[in-house]
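In my numbering, the protein residues as written are 10 to 196.
Every residue gets a Cβ at the ideal spot worked out from N, C-alpha and C, and that includes glycine.
A quick note: this is a predicted structure, and the numbers were derived from the prediction, not measured.
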């Protein structure tokens with residue numbers, strides 16, 4: 010009994026969860042050497058593992074390889090890339106991937122929106138962060154103003170009071186919070 014693609018993917022997933030990305034890439038090579046093509050779940054597992062390690066270039070190489078193999082990325086693929094760019098302080102790249110994800114009609118996780126907002130604020134791009142907050146309000150089902158205010162407080166706590174004030178104003182403009190709501194913004 011020889012391993013099949015499902016066996017290889019299961020092994021690859023387990024190895025990635027243990028943080029053994031180089032070993033996982035070797036397994037991917039074995040999959041190809043056995044005549045099988047990598048499938049979307051394989052690429053997503055590898056890209057996510059590379060993203061968690063901060064390996065932007067390798068993750069993008071796999072993303073390009075995925076496209077050249079004729080496999081379309083999905084929301085998981087883009088989410089992993091956005092996370093990777095945010096962790097590497099590459100807010101502009103993260104924003105590009107987020108916008109691509111939305112343009113393709115994929116649903117974006119709230120955590121992905123929050124990571125991009127924080128990355129943009131870290132880069133003093135409060136206007137772009139406010140734009141993403143506006144998109145997040147329209148795209149997500151969360152109606153709790155306390156949730157959105159926690160994002161603003163997190164930005165303020167990181168020492169970016171002006172950016173937090175702009176985000177708060179955006180929440181007022183979107184009618185998520187009332188203009189006279191008591192909100193403490195201190196670092």
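(message) Taking the alpha helix (DSSP H) that residue 129 belongs to, which residues open and close that run?
(response) Taking the chain shown and counting its residues from 1, one reaches residue 129 at position 120. Counting along the chain, the alpha helix (DSSP H) containing residue 129 begins and ends at 119–131.
(request) Note down the Cα distance separating residue 124 from residue 56, rounded to an integer number of angstroms. (result) On the chain shown, position 115 is the one that residue 124 refers to. On the chain shown, position 47 is the one that residue 56 refers to. So the alpha carbons of these two residues sit roughly 18 Å apart.
(request) Report all residues from its chain with a CB closer than 6 Å to the CB of residue 129; omit the five preceding and five following residues, and keep chain order. (result) As a working note, residue 129 is residue 120 in the chain shown. Counting only Cβ-Cβ distances below 6 Å, and skipping sequence neighbours, we find 100, 137 and 138.
(message) Once DSSP output is grouped into helix, strand and coil, what is the label at residue 144?
(response) Along the chain shown, read from residue 1 onward, the residue named residue 144 stands at position 135. Residue 144 falls in the helix class under three-state DSSP.
(request) On a CA-only basis, which of 167, 173 and 168 is nearest residue 161? Give me that one, please. (result) Position 152 of the chain shown holds residue 161. Nearest C-alpha to residue 161: 173.
(request) State whether the segment 93–112 contacts the segment 71–81, with contact taken as three or more CB pairs (one from each stretch) at a distance under 8 Å. (result) no
(message) On the DSSP letters alone, give me the boundaries of the alpha helix (DSSP H) that residue 47 sits inside.
(response) Within the chain shown, residue 47 is the residue found at index 38, counting from 1. It is not in any alpha helix (DSSP H) - residue 47 carries neither H nor E in the DSSP assignment.
(request) Could you give the DSSP three-state label for residue 102: helix, strand or coil? (result) In the chain shown, residue 102 corresponds to position 93, counting from 1. Helix, per DSSP.
(request) Could you check if residue 155 is buried or exposed, using at least 16 other CB atoms within 10 Å of its CB as the buried criterion? (result) Walking along the chain shown from the start, residue 155 turns up at place 146. Looking at its Cβ environment, which holds fewer than 16 other Cβ atoms inside 10 Å, residue 155 is exposed.
(message) Considering Cα atoms alone, identify which of 112, 92 and 127 is closest to residue 167.
(response) Within the chain shown, residue 167 is the residue found at index 158, counting from 1. Measuring from the Cα of residue 167, the nearest candidate turns out to be 127.
(message) I'd like to know whether the C-beta atoms of residue 104 and residue 142 end up nearer to each other than 7 Å.
(response) Within the chain shown, numbered from 1, the residue matching residue 104 stands at position 95. Within the chain shown, numbered from 1, the residue matching residue 142 stands at position 133. The answer is no: Cβ separation not under 7 Å.
(request) Could you say which of 121, 86, 186 and 112 lies nearest to residue 50 if we only look at CA atoms? (result) Stepping through the chain shown from its first residue, residue 50 is reached at position 41. Among 121, 86, 186 and 112, the Cα nearest to that of residue 50 belongs to 86.
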